[in-house]
Amino acid sequence: MSALSMSGALNRALADALEADDRVLVFGEDVGPLGGVFRITDGLAARFGDRRVFDTPLAESGIVGTAIGMAMNGMRPVVEMQFDAFAYPAFEQITSHLAKMRNRTRGKVEVPVVIRIPYGGGIGGVEHHCDSSEAYYTHTSGLRVVTPGTPQDAYDLLRDAIDSPDPVIFLEPKRRYWSKGEVTPGADRVGFDRAVVRRPGRDVTLIAYGPMVATALETAEAATEEGWDVEVVDLRSLSPFDDETVCASVRRTGRAVVVHEASGFGGYGAEVVARVTERCFHHLHAPVLRVTGFDIPYPPPKLEEHHLPGVDRILDAIGRLQWDDEVVGAGRGA
Amino acid sequence: MGTLSDEDVELLVGIRHFELALLRVFGEGKVNGTTHTCLGQEYVPVALAPLLDGDFVLSNHRGHGHYLAQFRDPAGLLAEITGRAGAVCSGVGGSQHVHRDGFLSTGVQGQSLPLAVGMGLHYKRTGANRVAAAYIGDGTWGEGAVYEALNMASLWRVPVLVVVEHNGIAQSTPTTRQLAGTIGDRVRAFGVDFTEITTHDIPAIRSELAPVVDRVRHEHRPAVVQFTTRRLGPHSKGDDTRTAEEVEALRAADWHAELAAALGARFHAIDERVRTEVDRVVAEVQARPPSQWADLVEAGVVR
Numbered sequence: 001m002s003a004l005s006m007s008g009a010l011n012r013a014l015a016d017a018l019e020a021d022d023r024v025l026v027f028g029e030d031v032g033p034l035g036g037v038f039r040i041t042d043g044l045a046a047r048f049g050d051r052r053v054f055d056t057p058l059a060e061s062g063i064v065g066t067a068i069g070m071a072m073n074g075m076r077p078v079v080e081m082q083f084d085a086f087a088y089p090a091f092e093q094i095t096s097h098l099a100k101m102r103n104r105t106r107g108k109v110e111v112p113v114v115i116r117i118p119y120g121g122g123i124g125g126v127e128h129h130c131d132s133s134e135a136y137y138t139h140t141s142g143l144r145v146v147t148p149g150t151p152q153d154a155y156d157l158l159r160d161a162i163d164s165p166d167p168v169i170f171l172e173p174k175r176r177y178w179s180k181g182e183v184t185p186g187a188d189r190v191g192f193d194r195a196v197v198r199r200p201g202r203d204v205t206l207i208a209y210g211p212m213v214a215t216a217l218e219t220a221e222a223a224t225e226e227g228w229d230v231e232v233v234d235l236r237s238l239s240p241f242d243d244e245t246v247c248a249s250v251r252r253t254g255r256a257v258v259v260h261e262a263s264g265f266g267g268y269g270a271e272v273v274a275r276v277t278e279r280c281f282h283h284l285h286a287p288v289l290r291v292t293g294f295d296i297p298y299p300p301p302k303l304e305e306h307h308l309p310g311v312d313r314i315l316d317a318i319g320r321l322q323w324d325d326e327v328v329g330a331g332r333g334a
Numbered sequence: 001m002g003t004l005s006d007e008d009v010e011l012l013v014g015i016r017h018f019e020l021a022l023l024r025v026f027g028e029g030k031v032n033g034t035t036h037t038c039l040g041q042e043y044v045p046v047a048l049a050p051l052l053d054g055d056f057v058l059s060n061h062r063g064h065g066h067y068l069a070q071f072r073d074p075a076g077l078l079a080e081i082t083g084r085a086g087a088v089c090s091g092v093g094g095s096q097h098v099h100r101d102g103f104l105s106t107g108v109q110g111q112s113l114p115l116a117v118g119m120g121l122h123y124k125r126t127g128a129n130r131v132a133a134a135y136i137g138d139g140t141w142g143e144g145a146v147y148e149a150l151n152m153a154s155l156w157r158v159p160v161l162v163v164v165e166h167n168g169i170a171q172s173t174p175t176t177r178q179l180a181g182t183i184g185d186r187v188r189a190f191g192v193d194f195t196e197i198t199t200h201d202i203p204a205i206r207s208e209l210a211p212v213v214d215r216v217r218h219e220h221r222p223a224v225v226q227f228t229t230r231r232l233g234p235h236s237k238g239d240d241t242r243t244a245e246e247v248e249a250l251r252a253a254d255w256h257a258e259l260a261a262a263l264g265a266r267f268h269a270i271d272e273r274v275r276t277e278v279d280r281v282v283a284e285v286q287a288r289p290p291s292q293w294a295d296l297v298e299a300g301v302v303r
């Protein structure tokens, strides 16, 4: 066990996967000698050679298509889209080939491609460097969509993703690349499509993922001053969705808030709210609320702190969960 | 036309009769959705079939001829298109999205080329001496993915062969209204070999293309071959904006009448035999029960 940044954990996961399996390849824009814009592939080309870790032209559709062609021949490509919005030229390959190949062939052809995408804001970037694009992918059947919230999960989920026979959209919360945590490579993994309770609490379930996990945990600490005991659930896998873990938590607390950076309208949180409401209706003391980015294109760097959900906005939402209409015998005060 | 084997003639007229039968079946309301026939273009995959033996063929929306030239399996393809038992992809892929070992079609324009690059790169690295061959149309040259793939194929010297069926019309838009410059100039700008085929003389085509395919296979030099060809039917169904005179002129230049005249009784004997066989296949496939999907978990589609 050692303290690693999330970027370090991702780098270690790639190196360990390349070491463990000759079929693993890493390619994309500037992932070779440079090691990627965020240095996630740092040192890999030197260590594993430019046959297995290599630079490509600026051609996202070409990159993903090449990965599919190689995966259909038994390789396990891990490709990098340099930023969230850079993946959009590859959307056709992702939705029309990657997501559909297995279904189209009734299971005969597997396409084990991992597409790593640094996503989300918080680094003072321009709009096409800060998109939260998860809903585009979760809306596409046939893809796994995962996002780590901690360095350990960055390692575990990336290894899970590379091991998976399914295509995986691996969303990396770029603002958390430099956050540190204990990482034990080879530790028992939680399970690829499981959510986890990051912090137990009795009063309200805060449902978060990726970059918002840290914000949710911070909020939970701050909430103790208000007298609220907040449980934080880290989704990890956005698709498929772990109804069991999420609903067990909400049934315990009776209240829930979903948090994400992406705009709220038509966002991933809407699906979470719907699922929780459909499954936990009789346990709920208040509507399930969302705290999200505003329904605007990503703002200029100086305004992003207002756009991204922070502790205050989340606390405000928790405060609106109809605490005065307490149902005796459940949730807070039970 | 030069000398054609009986097998070549059988395949040529077999594709023709398959497409005509498909239009008939469509007219009877037995095909869901739409379908795109390759009437007039049959000779292209027939000419290439022996050159691409054992290779991987990526096809497009107008791919029935490509499939039949590769596998001689009208029953499996018709079952796929009409959702009957024995369908190549259990009826999930339909006319445009067929997969079989060594074959993949997609109706999404230009998107097969990046896959061909990945496949070709793998073949090159593993010393497979195999070619990834992708059929596209002239309209496909409006798609950006084509250029991403050409760049990568040339840069990395990947054994990719792009076969352009240039029929002069993209759905309803004539090439003159959708393509600036020429395909050849675009291809050569990438340092990729370009060959233009204007004849439908199959032996002549094979002689000219054998060394081209050899270079792709053994020297890993990607190449583009453009066939100037004719689409006799509509793009799909009921969407032909050409005048009757225009289509009639195309029909007059079609390979079919020329071959019939050249081969005489031999042609008619084969034609009659193949037509009867296609009719038999159509009746037999239509009598089959609907395609059943295997249990999704059992099939590995759902885990």
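Chains as they are written, first to last, in UniProt numbering: chain H, 1 to 334; chain R, 1 to 303.
Quick reminder that beta carbons are idealized off the backbone N, C-alpha and C, glycines included.
R/Gln286 - containing alpha helix (DSSP H), residue span
For the purposes of this step, residue 286 of chain R is taken as residue 286 along the second sequence, with counting starting at 1. Segment 265–286, the alpha helix (DSSP H) holding R/Gln286.
If you reduce the DSSP assignment to three classes, tell me which class R/Lys124 lands in.
In the second sequence, residue 124 of chain R corresponds to position 124, counting from 1. In this structure, R/Lys124 counts as helix in the three-state DSSP scheme.
For H/Thr245 and chain R, any beta-carbon pair shorter than 8 Å?
Counting from one through the first sequence, the residue named residue 245 of chain H turns up at place 245. Not closer than 8 Å to any Cβ of chain R, the Cβ of H/Thr245 fails to qualify, so no.
Can the beta-carbon of H/Val230 be found closer than 8 Å to that of H/Asp203?
Along the first sequence, one-based indexing puts residue 230 of chain H at 230. Along the first sequence, one-based indexing puts residue 203 of chain H at 203. Yes, these two residues count as a Cβ contact at 8 Å.
Taking the alpha carbon of H/Ala46 as the reference point, which residue from H/Ala59, H/Val31, H/Phe38, H/Leu58 has its own alpha carbon closest?
As a first step, residue 46 of chain H is located in the first sequence; it is residue number 46 there, counting from the start. For H/Ala46, the nearest C-alpha among the options comes from H/Val31.
Rank H/Gly35, H/Arg320, H/Arg275 by C-alpha distance to the C-alpha of H/Trp228 and give the top, closest one.
For the purposes of this step, residue 228 of chain H is identified with residue 228 of the first sequence, where counting begins at 1. Closest in alpha carbon position to H/Trp228, among H/Gly35, H/Arg320, H/Arg275, is H/Arg320.
Cβ of H/Ala9 within 8 Å of any chain R Cβ:
Locating residue 9 of chain H in the first sequence gives position 9, where the first residue counts as 1. No, its Cβ sits nowhere closer than 8 Å to a Cβ of chain R.
Please identify the residue among R/Val162, R/Thr241, R/Val282 whose C-alpha is closest to the C-alpha of R/Tyr135.
Here the question's residue 135 of chain R lines up with position 135 in the second sequence. Ranking R/Val162, R/Thr241, R/Val282 by CA distance to the CA of R/Tyr135 puts R/Val162 first.
May I ask you to list, following chain order, the residues of the stretch 170–197 of chain R that have a beta carbon less than 8 Å from some beta carbon of chain H?
Against chain H - using a Cβ distance shorter than 8 Å - the stretch 170–197 of chain R contributes no residues.
Closer than 8 Å to chain H by CB, R/Glu148
By one-based count along the second sequence, residue 148 of chain R stands at place 148. By this cut-off, R/Glu148 is an interface position.
Based on the DSSP output, what are the partners of H/Lys180 in its beta bridges?
Counting from one through the first sequence, the residue named residue 180 of chain H turns up at place 180. Listed as beta-bridge partners of H/Lys180 by DSSP are H/Ser5.
Using DSSP with H/G/I as helix, E/B as strand and the rest coil, what is H/Phe48?
The residue given as residue 48 of chain H occupies position 48 in the first sequence. H/Phe48: helix per DSSP, three-state reduction.
Ordered along the chain, which non-local residues of its own chain (more than five positions away) have a Cβ less than 8 Å from that of R/Phe18?
As a first step, residue 18 of chain R is located in the second sequence; it is residue number 18 there, counting from the start. Short of 8 Å from the beta carbon of R/Phe18, and not among the five residues preceding or following it, lie these beta carbons of its own chain, in chain order: His64, Leu68, Pro74, Leu77, Leu78, Val278.
Between the stretch 77–104 of chain H and chain R, which residues of the former have CB atoms less than 7 Å from a CB of the latter, in chain order?
Those residues of the stretch 77–104 of chain H that come within reach of chain R (Cβ to Cβ, closer than 7 Å) are Glu92, Gln93, Ser96, His97, Arg102, Asn103, Arg104.
Can you name the residues that DSSP bridges to H/Pro173?
Counted from its first residue, the first sequence places residue 173 of chain H at position 173. BP columns for H/Pro173 point to H/Tyr119.
For a contact defined as C-beta to C-beta under 7 Å, what are the partners of H/Thr66 on chain R?
Sequence index remark: in the first sequence, residue 66 of chain H carries index 66 (1-based). Near H/Thr66 (Cβ distances below 7 Å), the residues of chain R are Pro114, Val117, Gly118, Leu121, Met152.
First and last residue of the alpha helix (DSSP H) that includes R/Tyr135?
Numbered from 1 along the second sequence, position 135 holds the residue referred to as residue 135 of chain R. Here R/Tyr135 belongs to no alpha helix (DSSP H); instead the beta strand (DSSP E) covers 132–137.
Give me the Cβ distance between H/Ile123 and H/Arg175, rounded to the nearest whole Å; I'm assuming they're in contact under 8 Å.
Here the question's residue 123 of chain H lines up with position 123 in the first sequence. Here the question's residue 175 of chain H lines up with position 175 in the first sequence. The Cβ separation is near 5 Å, so the contact holds.
Going by CA-CA distance only, name the one from R/Gly142, R/Gln41, R/Lys124 that's closest to R/Val108.
Counted from its first residue, the second sequence places residue 108 of chain R at position 108. For the set R/Gly142, R/Gln41, R/Lys124, the Cα lying nearest the Cα of R/Val108 is the one of R/Gly142.
Looking only at its own chain, which residues have a Cβ that is under 7 Å from the Cβ of H/Phe38, when we skip the five neighbours before and after it?
The sequence position of residue 38 of chain H within the first sequence is 38, counting from 1. Sequence-distant Cβ neighbours of H/Phe38 in its own chain, meaning closer than 7 Å and more than five residues away, are Ser7, Pro118, Lys174, Tyr177.
Rounded to a whole number of angstroms, what is the C-alpha to C-alpha distance between R/Ala49 and R/Val88?
By one-based count along the second sequence, residue 49 of chain R stands at place 49. By one-based count along the second sequence, residue 88 of chain R stands at place 88. Cα atoms of R/Ala49 and R/Val88: separation of roughly 20 Å, rounded to the nearest angstrom.
Pull up the distance between the alpha-carbon of R/Gly120 and that of R/Phe56, whole angstroms please.
Locating residue 120 of chain R in the second sequence gives position 120, where the first residue counts as 1. Locating residue 56 of chain R in the second sequence gives position 56, where the first residue counts as 1. Each residue's CA atom was taken as its position, placing R/Gly120 and R/Phe56 some 9 Å apart.
Could you check where the beta strand (DSSP E) with R/Thr228 kicks off and where it finishes?
The sequence position of residue 228 of chain R within the second sequence is 228, counting from 1. Annotation for R/Thr228: the continuous beta strand (DSSP E) segment containing it runs 223–228.
Could you check which residue in R/Leu209, R/Gly191, R/Glu248, R/Ser90 has the C-alpha nearest to that of R/Thr199?
Position 199 of the second sequence, counted from the first residue, corresponds to residue 199 of chain R. Just measuring C-alpha positions, the residue of R/Leu209, R/Gly191, R/Glu248, R/Ser90 sitting nearest R/Thr199 is R/Leu209.
Using CA atoms only, rank isn't needed, just tell me which of H/Gly293, H/Gly142, H/His307 is closest to H/Val113.
What you label residue 113 of chain H is simply residue 113 of the first sequence in a count that begins at 1. The option with the nearest alpha carbon to H/Val113 is H/Gly142.
Are any of the Cβ atoms in chain R nearer than 8 Å to that of H/Ser61?
Within the first sequence, the letter at position 61 stands for residue 61 of chain H. Chain R contact via Cβ: present.
Under 6 Å Cβ to Cβ from H/Phe265, same chain only, skipping five residues before and after it: list those, please.
Position 265 of the first sequence holds residue 265 of chain H. If we look at H/Phe265 and ignore the five residues flanking it on each side, its Cβ neighbours are Asp295.
Nearest to H/Asn73 by alpha carbon, out of R/Lys124, R/Val281, R/Pro289?
Mapped onto the first sequence, residue 73 of chain H falls at position 73. Distance from the Cα of H/Asn73 is smallest, within the candidate group R/Lys124, R/Val281, R/Pro289, for R/Lys124.
C-alpha distance - H/Phe83 paired with R/Thr228, whole-angstrom precision
In the first sequence, the residue the question calls residue 83 of chain H occupies position 83. In the second sequence, the residue the question calls residue 228 of chain R occupies position 228. Distance between the alpha carbons of H/Phe83 and R/Thr228 is about 42 Å.
Sequence-distant residues of the same chain with beta carbon closer than 7 Å to H/Glu60, five excluded per side
Locating residue 60 of chain H in the first sequence gives position 60, where the first residue counts as 1. Take H/Glu60, set aside five residues on each side of it, and the residues of its chain with a beta-carbon closer than 7 Å to its own are Met81, Phe86, Ala87, Pro89, Ala90, in chain order.
If you draw a straight line from the alpha carbon of H/Asp55 to that of H/Ile63, how long is it in whole angstroms?
The sequence position of residue 55 of chain H within the first sequence is 55, counting from 1. The sequence position of residue 63 of chain H within the first sequence is 63, counting from 1. CA-to-CA, the gap between H/Asp55 and H/Ile63 works out to about 10 Å.
For the putative contact between R/Ala133 and R/Leu58, defined by C-beta atoms under 8 Å, what is the C-beta separation to the nearest angstrom?
Start at 1 with the first residue of the second sequence, and residue 133 of chain R comes out as number 133. Start at 1 with the first residue of the second sequence, and residue 58 of chain R comes out as number 58. Sure, about 7 Å apart at Cβ, within 8 Å.
Restricting to Cα atoms, I'd like to know which of R/Gly238, R/Pro159, R/Gly91, R/Val92 is closest to R/His218.
As a working mapping, residue 218 of chain R is identified with position 218 in the second sequence. Of R/Gly238, R/Pro159, R/Gly91, R/Val92, the residue nearest in Cα terms is R/Pro159.
Could you tell me if R/Asp138 is buried or exposed, where buried requires 16 or more neighbouring beta carbons within 10 angstroms of its beta carbon?
Numbered from 1 along the second sequence, position 138 holds the residue referred to as residue 138 of chain R. Under this definition R/Asp138 is a buried residue.
Given that R/Gln292 touches chain H, what residues does it touch there, using C-beta distances under 8 Å?
Reading the second sequence from its first residue, position 292 is the one you call residue 292 of chain R. Per Cβ cutoff of 8 Å: no residues; R/Gln292 is ~11 Å from chain H at best.
Return no unless some Cβ of chain H is closer than 8 Å to the Cβ of R/Val108.
If you number the second sequence from 1, residue 108 of chain R lands on position 108. Yes, R/Val108 counts as interfacial toward chain H.
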